[in-house]
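First residue of the sequence shown? That's 206 in our numbering, and the numbers climb one at a time after it.
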Amino acid sequence: MTIVRTGLKNDIKMTKNIDHYIKRLDMDRLPAHVAIIMDGNGRWARQRMRERTEGHSEGVHSVNRITRLASDLGVKYLTLYAFSTENWHRPTEEVDALMRLIGWTIRKETPELKANNVHIRLLGDIDRLPEEVRADLQHGVDETAGCTGLTLGLCLSYSARWELTMTVRKLAEAVLNGEIAAAAISEKDIEDRLVTSGIPDPDLLIRTGGEQRISNFLLWQAAYSELYFSPVLWPDFDEECFVSALEEYQKRERRFGKTGDQVKTEQQASGEI
Ligand code: IPE
Ligand code: IPE
Ligand code: MG
Numbered sequence: 206m207t208i209v210r211t212g213l214k215n216d217i218k219m220t221k222n223i224d225h226y227i228k229r230l231d232m233d234r235l236p237a238h239v240a241i242i243m244d245g246n247g248r249w250a251r252q253r254m255r256e257r258t259e260g261h262s263e264g265v266h267s268v269n270r271i272t273r274l275a276s277d278l279g280v281k282y283l284t285l286y287a288f289s290t291e292n293w294h295r296p297t298e299e300v301d302a303l304m305r306l307i308g309w310t311i312r313k314e315t316p317e318l319k320a321n322n323v324h325i326r327l328l329g330d331i332d333r334l335p336e337e338v339r340a341d342l343q344h345g346v347d348e349t350a351g352c353t354g355l356t357l358g359l360c361l362s363y364s365a366r367w368e369l370t371m372t373v374r375k376l377a378e379a380v381l382n383g384e385i386a387a388a389a390i391s392e393k394d395i396e397d398r399l400v401t402s403g404i405p406d407p408d409l410l411i412r413t414g415g416e417q418r419i420s421n422f423l424l425w426q427a428a429y430s431e432l433y434f435s436p437v438l439w440p441d442f443d444e445e446c447f448v449s450a451l452e453e454y455q456k457r458e459r460r461f462g463k464t465g466d467q468v469k470t471e472q473q474a475s476g477e478i
């Protein structure tokens with residue numbers, strides 16, 4: 206199996222066979238869901254005396270190659286933080302350029318995503334996006350609705366506090382309508398009303414660009430995610446960087462509150478080790 210090379214010209218230099226990456230990984234212990242805070246586009250551009258928006262354009266190449274690799278490896282869910290609620294407060298020119306880029310990218314990439322069986326899911330306050338961009342995004346969603354491979358979650362105008370606020374409103378309505386008793390509200394009732402409903406929690410949460418913070422991303426869902434902070438700016442984040450994150454993830458022991466001994470006993474019983 207070789208990584209399909211139909212993307213933008215910047216991707217062409219990455220021509221390694223996927224077997225090279227597979228050899229380094231335990232394919233039985235791949236994270237089912239990887240979420241990424243794609244940070245560092247602006248700094249990447251400024252370091253080159255270029256406009257911040259050029260960093261965003263360059264970041265699209267990383268989106269393409271990481272999506273392709275995740276799909277080729279068999280990761281089931283990839284969730285990308287592309288534009289936060291707080292990012293609306295950036296200068297208008299940057300916001301406008303980002304909106305144009307989002308529309309352009311989804312239009313351009315939808316055929317390849319569909320060909321690779323990738324299902325697009327929009328996560329966020331999509332109604333705040335400009336109408337043309339919403340139309341482009343909806344087209345991408347409709348085109349890939351029948352795809353059964355990787356689910357690509359695009360977090361646009363997303364923040365976890367916005368999501369949790371919406372969820373609380375929905376639950377309050379359900380209580381008022383008599384659908385649920387307040388005292389009976391469960392974690393599942395909450396999860397069912399998050400924008401990520403139906404998507405398992407991220408196993409691995411990567412942040413590029415060197416900052417070590419969550420920036421209002423998936424606060425509920427990341428309760429037990431393994432966190433991986435990379436100093437690499439998003440436009441430079443390539444297949445090698447992604448596989449290194451997966452390798453690091455595979456070295457971690459996920460205990461979910463139990464003891465290490467308990468985890469080992471359970472793994473032995475299930476034949477994992
Ligand atoms: C991430 O890169 C992309 C978005 C938030 C839209 P930044 O634009 O935040 O880049 P830096 O952090 O300023 O370098
Ligand atoms: C987080 O990056 C949001 C996205 C990557 C879309 P920011 O650059 O907005 O985060 P802060 O402001 O450094 O926390
Ligand atoms: Mg940033």
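Note that CB positions come from ideal geometry on N, CA and C, so glycine has one too.
**Request:** Return yes when at least one heavy atom of ligand 1 lies under 7 angstroms from the C-beta of residue 257, else no.
**Result:** yes
**Buried or exposed (CB count within 10 angstroms, at least 16 for buried), residue 231** = exposed
**Request:** For residue 447, count neighbouring Cβ atoms within 10 angstroms of its own Cβ and tell me buried if that reaches 16, exposed if not.
**Result:** buried
**Request:** Could you have a look at residue 346 and say whether DSSP puts it in helix, strand or coil?
**Result:** If DSSP states are grouped into helix, strand and coil, residue 346 belongs with the helices.
**Prompt:** So does the stretch 369–387 actually touch the stretch 305–318, counting three or more Cβ pairs closer than 8 angstroms?
**Reply:** no
**Asked** Whose beta carbon lies closer than 7 angstroms to any heavy atom of ligand 1, going through the chain in order?
**Response** 243, 244, 245, 246, 247, 248, 249, 257, 260, 261, 264, 287, 288, 289, 292, 303, 414, 438 and 439
**Prompt:** Tell me the DSSP bridge mates of residue 352?
**Reply:** Its beta-bridge partners do not exist; DSSP assigns none.
**Message:** To the nearest angstrom, how far is the alpha carbon of residue 285 from that of residue 247?
**Reply:** 17 angstroms
**Prompt:** Does DSSP put residue 289 in a helix, a strand or coil?
**Reply:** strand
**Message:** Less than 7 angstroms separating the Cβ of residue 431 from some heavy atom of ligand 2?
**Reply:** Not so, every heavy atom of ligand 2 lies at least 7 angstroms from the Cβ.
**Prompt:** Using CA coordinates, which residue listed in 321, 399 and 277 is at the minimum distance from residue 327?
**Reply:** Of the candidates 321, 399 and 277, the one whose C-alpha sits nearest the C-alpha of residue 327 is 399.
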